[in-house]
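Asker: Next up is a structure, given as structure tokens.
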Amino acid sequence: MIEGRCWVFDDDVDTDIIIPARYVALRDPKAMAAHAMEPVAPQFGTECRPGDLVVAGQSFGAGSSREVAALVFETLGVAAIVAESFARIFFRNAINNGLYAVEAPGVRRIVSQGQALRIDLPGGVVRNPATGAEVRIVPWQPEILALVEAGGLVPFLRRRAAAGA
Numbered sequence: 002m003i004e005g006r007c008w009v010f011d012d013d014v015d016t017d018i019i020i021p022a023r024y025v026a027l028r029d030p031k032a033m034a035a036h037a038m039e040p041v042a043p044q045f046g047t048e049c050r051p052g053d054l055v056v057a058g059q060s061f062g063a064g065s066s067r068e069v070a071a072l073v074f075e076t077l078g079v080a081a082i083v084a085e086s087f088a089r090i091f092f093r094n095a096i097n098n099g100l101y102a103v104e105a106p107g108v109r110r111i112v113s114q115g116q117a118l119r120i121d122l123p124g125g126v127v128r129n130p131a132t133g134a135e136v137r138i139v140p141w142q143p144e145i146l147a148l149v150e151a152g153g154l155v156p157f158l159r160r161r162a163a164a165g166a
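Have a look at this one:
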């Protein structure tokens with residue numbers, strides 16, 4: 002179960018919104034993350050707290066395939082991103098970096114900025130504990146869950162190699 006305070010965004014949040022190109026060259030991940038979502042929520046990079054959730058509409062993460070778009074959320078300690086749909090490249094980058102990327106059609110209808118959401122992956126629902134409203138999530142394959150729970154692709158492969166698999 003994952004629960005956290007929500008930052009709510011619209012449809013079509015692309016990678017240029019997630020991390021504007023002018024900050025991609027910053028070497029310090031924390032300095033880069035301070036600019037996350039700056040074009041639509043200038044305070045996000047400095048006010049987001051570990052355990053917070055990002056909620057968005059359709060096509061979250063479309064645009065260029067920059068891996069840092071997922072890394073800024075990891076650096077900030079975002080517990081999960083819940084969106085109505087994801088660009089496939091962003092979804093893969095998130096999973097490979099150990100970040101929960103949960104597809105939940107209709108999620109923006111059940112939560113407002115600052116409210117909490119509870120994600121029940123095994124139960125297949127996202128619920129607003131304040132209102133009781135819920136939406137179904139797109140189920141994950143067990144292999145994807147294993148990757149995220151391992152902390153991403155590299156830690157997953159290291160564990161497999163160490164186990165002799």
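Heads up: the sequence shown begins at 2 in my numbering, then just goes up one per residue.
Yeah, the Cβ is synthetic: ideal placement off N, Cα and C, and Gly gets one too.
Excluding five sequence neighbours on each side, which residues of the same chain lie with their C-beta closer than 7 Å to the C-beta of M33?
Answerer: I20, Y24, L27, V69 and V73
Asker: Heavy atom of the ligand SAM less than 8 Å from the Cβ of I96, yes or no?
Answerer: The model on display carries no ligand, and the ligand SAM is accordingly not part of it.
Asker: Check G107 in the structure and name its three-state DSSP category.
Answerer: coil
Asker: Which runs of the beta strand (DSSP E), 3 residues or longer, sit entirely within the stretch 14-62?
Answerer: The stretch 14-62 is shown to contain whole beta strand (DSSP E) runs of 3 or more residues at 54-57, in chain order.
Asker: With a CB to CB cut of under 7 Å and the five nearest residues on each side skipped, what residues in its chain are close to G52?
Answerer: G5, G78 and A80
Asker: Keeping to the same chain, check which residues put their C-beta closer than 7 Å to that of P106; ignore five residues upstream and five downstream.
Answerer: E85 and V136
Asker: Three-state secondary structure (DSSP) at V112?
Answerer: coil
Asker: Within the continuous alpha helix (DSSP H) that includes V69, where are the two ends?
Answerer: First-last of the alpha helix (DSSP H) with V69: V69 to L77.
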